[in-house]
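Chains as they are written, first to last, in full-length UniProt numbering: chain W, 1 to 273; chain F, 1 to 251. Virtual Cβ for every residue (Gly too), placed ideally from N, Cα, C. Notes to accompany the following structure.
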Amino acid sequence: MTRTLDREAPESRGLLLRIVPPGLYAGRPHVIVERAHLVYRRAWTAFVAGFFEPLFFLLSLGFGFGQLVSEVNGLPYPAFVAPGLLAASAMNGAIFDTTYNLFLKVKYSKVYEAMLNTPMGPIDIAVGEATWALLRGGLYSAGFLVVMFGFGLVTSAWALLALPVCLLIALAFAAVGMAGATFMRSWQDFDLVQLVVLPLFLFSTTFYPLSVYPSWLQAVVQWTPLYHSIELLRALTTGSVGWGALAHVVYLVVMAAAGVLVASRRLGKLLVS
Amino acid sequence: MLAVLEYQWTWYRRNWRSTSVTTFVNPLLFLLAMGMGFGSQVAAGPATGGERYVVFLAPALVVTTAVQTAMFESSFAVFSQFKWQRTFHGMVSTPVTPAQVLYGQLLWVALKLTFGCTAFLLVAAVLGALRSPWAVVALPVGVLTGMAFSSLVVAYTATVEKPDSFNGLYRFLVIPMTLFTGAFFPLSQLPGWLHPLAWVTPVWHGIELARGAAYGTLHPLPALGHLAYLFALVAVGVLLGRRFFDRRLAV
């Protein structure tokens, strides 16, 4: 006697499932994470290499540069620059992971088109990709924090919050990066990404204090997202936490929300047409 | 050979916008942020040869920028012509030989490095980062250092089947070469066991030459040694490149 196997019925649970139009979301973003895991299992060297880049910067800047500069804002230079590098690497990782990979998959390898022939919708893809980027970024950040701790650059128990904050930073930049990638026409447009990311990296008080700038430029820098990320992390690792930290958190949350909103809409338009 | 160069130039004339950012804008931003911004925190002292930090940094930054440009022009750009666009295969189906393809490509890289270094020096001069007219020596030195690295990478690229290996090259060779060979701070601040590693890299020799010339502290004998080493690297790269280009392209 034959019997049909029990199939997992699509369950209609979860808030997202109820509010988004059917076809956009199937509640299966974890499949994307599983796929990424399978892909990277074969390319784990690329994965590990990502950890070394900020480490090299920390060694060079903190301990080489550090001997040229005695103190910045009352901190020894390595302790000043380390949280800056941590935030910058969270940003870089998130932006490059989302923009390059997303563009490659949408435009060339057509991975998502294949996925959309299954019950999965564009929101599954957006959420899944973001989750993977966060997992990856989180691992790097955790590694970096351990190194910072090893060098004695962490001076406060607030630093325990640094990891979740890194994830928030990565989420905010990943969401905006993803939204941006949906507007790209060709590889040439990645120079524009560079043109945004590099100045952020160099000028957002990563390497030197805000007081270097004339006051009008200070105001400009204070509006940039990486500045808020760095300020927040620097406050946590050095223990000078005040209510102002909440403002930085709000900035990043708003940025993440806006990014996710635009990204999922644009992806929906690009893929389901 | 010149036909190959002409091809690159024709392509570049149509696509120059896409690379102008990485070639010209990035070094400018680095000079501003590191030289002026970070430099404002550094007191002029023995470590910077008694000069402002930006004056200390500028000659070395010409060299590291040249190497970064050389890296891209010799890895992805060359790989793409082997594998994706297959322009090299097209070239050797004409009377052009694989060796001529290699020479043409290297000439093209040298030309781009010359553009890049010139632009950088102009910007540095405007920012007041050059103190002595001898800083101009950084131009040929930057091009030579870039070529020492480029010729080796081009040879390597001819043996590569997947572009993934370039990421490792960039992260574990180019970045440490930029950060730990005396560009941003004197090598003497690093532990002694790291010094020999720096001596092997072309970047260290280039920086010694460029900074020594700018400060007027360069003695002829060490200068000859640095030059000889850089030229030797170019020669090794060209020999290897000829062999690998032949292997990959000869019909």
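What residues from chain W crowd round V42(F), counting only those whose CB sits closer than 7 Å?
L68, V69
Note down, in chain order, all residues in the stretch 70–98 of chain F with a beta-carbon under 8 Å from any beta-carbon belonging to chain W.
none
Check for me: the alpha helix (DSSP H) holding S151(F) runs from which residue to which?
138–157
Name, please, each residue of chain W whose Cβ falls closer than 7 Å to the Cβ of residue 285(F).
There is no way to answer for residue 285(F), as the model of chain F reaches only from 1 to 251.
Among all the DSSP beta bridges, which residues are the ones paired with E73(F)?
Per DSSP, none; premise fails for E73(F).
Going by the CB atoms, is the gap between T201(F) and T64(F) shorter than 8 Å?
no
Out of R136(W), A82(W), E53(W), S109(W), state which residue places its alpha-carbon closest to the alpha-carbon of E231(W).
A82(W)
Going by C-alpha to C-alpha distance, which of A99(F), A158(F), V141(F) sits closest to Y229(F)?
V141(F)
Residue environment, V154(W), which counts as buried when at least 16 other CB atoms sit within 10 Å
buried
Three or more C-beta pairs under 8 Å: does that hold for the stretch 129–146 of chain F against the stretch 183–199 of chain F?
no
Start and end residues, alpha helix (DSSP H) containing residue 283(W)
Not covered by the structure: residue 283(W). The range shown for chain W is 1 to 273.
Assign Q68(F) to buried or exposed, taking buried as 16 or more other Cβ atoms, counted over all protein chains shown, within 10 Å of its Cβ.
buried
What separation, rounded to the nearest whole angstrom, lies between the Cα atoms of V238(F) and S151(F)?
6 Å
Is there a Cβ from chain F that is less than 8 Å from the Cβ of L163(W)?
no
Start-to-end residues for the alpha helix (DSSP H) that takes in E34(W):
30–42
For the alpha helix (DSSP H) containing residue 291(W), list its first residue and its last residue.
An answer regarding residue 291(W) cannot be provided, because it is not within the stretch 1 to 273 covered by chain W.
Would you list, in chain order, the members of the stretch 173–188 of chain F that have their beta-carbon closer than 7 Å to a beta-carbon of chain W?
I175, P176, L179, F180, F184, F185
Buried or exposed: where does G242(W) fall if 16 or more other Cβ atoms within 10 Å of its Cβ makes it buried?
exposed
Go ahead and label Q85(F) buried or exposed: buried means 16 or more other beta carbons lie within 10 angstroms of its beta carbon, across all protein chains shown.
exposed
If you draw a straight line from the alpha carbon of V260(W) to that of R266(W), how long is it in whole angstroms?
10 Å
With a CB to CB cut of under 6 Å and the five nearest residues on each side skipped, what residues in its chain are close to G212(F)?
L218
Looking at C-beta atoms only, is the number of pairs between the stretch 169–180 of chain W and the stretch 92–112 of chain W that lie closer than 8 Å three or more?
yes
Would A47(F) count as contacting chain W if we go by Cβ distances under 8 Å?
yes
Among A124(F), W204(F), F180(F), nearest to G225(F) - alpha-carbon criterion
W204(F)
Please classify K112(F) as buried or exposed, where buried requires at least 16 neighbouring CB atoms within 10 angstroms.
buried
If we define contact as Cβ-Cβ less than 8 Å, is V25(F) a contact residue for chain W?
yes
Proximity of G177(W) and T99(W) at Cβ, strictly below 8 Å
yes
When the cut-off is 8 Å and only beta carbons count, does F47(W) lie next to chain F?
no
H37(W) to G128(F) span [Cα, whole Å]:
51 Å
Would V262(W) and G128(W) qualify as a contact pair, given that the criterion is a beta-carbon distance under 8 Å?
no
Can you give me the C-alpha to C-alpha distance between R243(F) and L169(F), rounded to a whole angstrom?
21 Å
To which residues does DSSP link V72(W) through a beta bridge?
L75(W)
Between G168(F) and chain W, is there a C-beta pair that is closer than 8 Å?
yes
Please find out if some non-hydrogen atom of the ligand NAD comes closer than 7 Å to the beta-carbon of T97(F).
Questions concerning the ligand NAD fall outside what the structure shown contains, since it holds no ligand whatsoever.
Would you identify the three-state DSSP class for N101(W), choosing helix, strand or coil?
helix
Once DSSP output is grouped into helix, strand and coil, what is the label at Q85(F)?
coil
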